[in-house]
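To keep things clear, I will list the structure first and then write my remarks on it.
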Amino acid sequence: MRYISTRGAAPELGFEDAMLAGLARDGGLYVPASWPRFSEAEIAALAGLPYEEVAFRVMWPFVGEAFSEAEFRDIIARAYAGFDHVARCPLSQIGPNDWLLELFHGPTLAFKDVAMQLIGQLFEASLKRSGKRITIVGATSGDTGSAAIEAFRGREGVDVFILFPDGRVSEVQRRQMTTPGDANVHALAIAGDFDDAQARVKDMFNDHAFRDAVGLAGVNSINWARVLAQAVYYFTAAVALGAPHRKVSFTVPTGNFGDVFAGYVAKRMGLPIDRLVIATNQNDILHRTLESGAYVKGRVEPSISPSMDIQVSSNFERLLFDLYDREGPAVTELMGELGTLGQFALSQGAVDRLRAEFDSARVSEEETRAAIRETLAGTGKVICPHTAVAVHAAKARRGDPAVPMVVLATAHAAKFPDAVEEACGVRPALPPFMADLLDRPERVTPVPNDLAAIEAIVAREKVA
Ligand SMILES: *Cc1c(COP(=O)(O)O)cnc(C)c1O
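Using full-length UniProt numbering, read the sequence shown as starting at 1 and increasing by one per residue.
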């Protein structure tokens, strides 16, 4: 498989280079040159297989010549060995035909582990082969950072720098980033919000001299390999609920549009997805875009679902590329307007396509708390605020009751104990393996919202 940039002006790459590059050199994102399509029989054959085997079959057409079949199977096996559930991403039932897809069984208790653990193994295999050294720089709204640190801590030839918005992540999220003692782990608290952190990371990638000098590599949700890894659980869930013989709907708590875009990828590959619902909190740029046809950047309003406190959803560019018939110049123009004016308007054709593929709902803080309470009362399950946003949205946008509705449960409630306790009176406990998290010493470098200052710190602190 070859990869092309959404802006049409960067060199085509293979899977391995696209994965290591993160952002394309023309500022765009890499996407596969075409969408592979599974037949109904191929999808039906996934029923009952272990997660790892489904992962292999779904991802293999995208990986192709980068790894041998045996190497790739081995990478997948190592990636998911540390998950604490044998099904890796199990389903649980919360209503007559309503399900949670539990994506929090990895080492940092959020769905980011599903992709990041795979990326850690993929990068290691690739760097071993080339002997290269790299510097991973990422921005996080809370969960990506710890997942990246957990995937790369102590690995040879790799430094990990994570920028998180100072004071805007939960204490558990912060401590997961600041307590690992490995010399190659660097937590940077930026004076700004997530969009600032993400913008500075993008700036670093666009500073080609710096990029080459430190061997910059990206693992943010713009990394294609992450999106791909997330497409897998749409298949395992849908097939367990009767696909391809019946349709299945999904509701996805959305921030950077990575997870829900993975659902779109699964659909392009032939998975019969009925509704794909984008659930947003009060930071609702995507919901407003579906309603109005204009993508208008707002101000980030901190919420109790902080991993979704985002007003520029990076992966949306990948969808735009398809909405505009894969024409790089059209995407370049829109993203240019976003940069200068903070907004752009979609063409009528693009809006129609967007609405044909996705549904959306915006969920208030009070509705989120109510969803936590009602889920506890109805099922005995304590859910995290992000999951609760999606539970509410799924109810609001429920279509045909005969079609199973799967809500992506993106984090363990114990990552957000204050918000959950306030909503339902129950304080969720951390699992035993991280019970002492609040006692471990922290190590963090405060940084200003300034590119030159951040680059200087990266150059100075890296050890690889
Ligand atoms: C990252 C994250 C999200 C949003 O996912 P995107 O891929 O950025 O849309 C939702 N919930 C949790 C818990 C997260 O960590």
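Note that the Cβ used here is the ideal one computed from N, Cα and C, for glycine as well. This structure is a prediction, so every number in the text was calculated from the model and none was measured.
For residue i and residue j, which I take to be in contact (beta-carbon distance under 8 Å), what is that distance rounded to the nearest angstrom?
| i | j | result |
| --- | --- | --- |
| G106 | F123 | In fact, because the Cβ distance is near 17 Å, the residues do not count as touching under 8 Å. |
| A189 | D166 | 4 Å |
| K415 | L109 | 5 Å |
| V382 | C424 | 7 Å |
| D259 | F104 | The Cβ separation is near 13 Å, so there is no contact. |
| C384 | V406 | In fact, because the Cβ distance is near 16 Å, the residues do not count as touching under 8 Å. |
| Y51 | R88 | 4 Å |
| L23 | F164 | With a Cβ gap of about 19 Å, L23 and F164 do not count as contacting. |
| V300 | N283 | 6 Å |
| V137 | G218 | 7 Å |
| N223 | V201 | In fact, because the Cβ distance is near 12 Å, the residues do not count as touching under 8 Å. |
| F358 | L271 | So it is not a contact: roughly 15 Å between Cβ atoms. |
| V158 | A148 | The Cβ separation is near 10 Å, so there is no contact. |
| T179 | E442 | 6 Å |
Quick one: using the 10 Å Cβ neighbour count with 16 as the cut-off for buried, is residue i buried or exposed?
| i | result |
| --- | --- |
| T340 | exposed |
| S126 | buried |
| P448 | exposed |
| K462 | buried |
| P431 | exposed |
| H287 | buried |
| A229 | buried |
| H85 | exposed |
| D436 | exposed |
| A371 | buried |
| E16 | buried |
| S92 | exposed |
| G255 | buried |
| L438 | exposed |
| R7 | buried |
| Q348 | exposed |
| R175 | buried |
| P446 | exposed |
| S146 | buried |
| A262 | buried |
| S39 | exposed |
| A429 | exposed |
| P11 | exposed |
| H208 | exposed |
| P401 | exposed |
If I follow the unbroken beta strand (DSSP E) through residue i, where does it start and stop?
| i | result |
| --- | --- |
| G95 | 91 to 95 |
| R362 | 359 to 362 |
| F164 | 158 to 165 |
| S39 | Looking at the DSSP string, S39 is not in any beta strand (DSSP E), and its letter there is neither H nor E. |
| residue 465 | Limits of the chain in this structure are 1 at one end and 464 at the other, which puts residue 465 out of reach. |
| S5 | 3 to 5 |
| M405 | 405 to 409 |
| G138 | 134 to 139 |
| D98 | 98 to 102 |
| A294 | 294 to 296 |
| I190 | 185 to 190 |
| Y30 | 30 to 32 |
Flag residue i as yes when its Cβ comes closer than 7 Å to any non-hydrogen atom of ligand 3, and as no otherwise.
| i | result |
| --- | --- |
| V260 | With respect to ligand 3, the structure shown offers nothing to examine, as its ligands consist of ligand 1. |
Check each candidate in the options and name the one with the smallest Cα separation from residue i.
| i | options | result |
| --- | --- | --- |
| P244 | E333, A45, S130 | A45 |
| Q198 | N315, R153, V232, A209 | N315 |
| I162 | H186, V63, R460, V169 | H186 |
| Y80 | Y233, R155, G95, Q173 | Y233 |
| A409 | A388, G399, D182 | A388 |
| R129 | A419, E71, M204 | E71 |
| E291 | A435, S39, A350, F205 | A350 |
| A413 | D143, R362, M116 | D143 |
| A183 | E171, G154, Y324 | G154 |
| S141 | I304, F67, F210 | I304 |
| P404 | L241, A10, S5 | L241 |
| A33 | R326, T332, I222 | R326 |
| L451 | F210, S313, F261, E374 | F210 |
| D227 | D439, M59, E12, D309 | First, the residue type needs correcting, since residue 227 is Val and not Asp in the sequence shown. Of D439, M59, E12, D309, the residue nearest in Cα terms is M59. |
| G48 | L20, P90, E65, R355 | P90 |
| I75 | P96, Q117, W35, W99 | Q117 |
| D195 | I310, I134, P96, P253 | I310 |
| A393 | G378, A402, T379, E365 | E365 |
| L354 | R362, E317, E171 | E317 |
| M308 | V239, R168, A330 | R168 |
What are the boundary residues of the alpha helix (DSSP H) that residue i is part of?
| i | result |
| --- | --- |
| I76 | 69 to 80 |
| V172 | 171 to 178 |
| A368 | The displayed chain sequence assigns Thr, not Ala, to residue 368. From DSSP, the alpha helix (DSSP H) with T368 extends over 365 to 379. |
| Y233 | 224 to 240 |
| T144 | 143 to 152 |
| A453 | 451 to 461 |
| P446 | It is not in any alpha helix (DSSP H) - P446 instead sits in the beta strand (DSSP E) that spans 445 to 447. |
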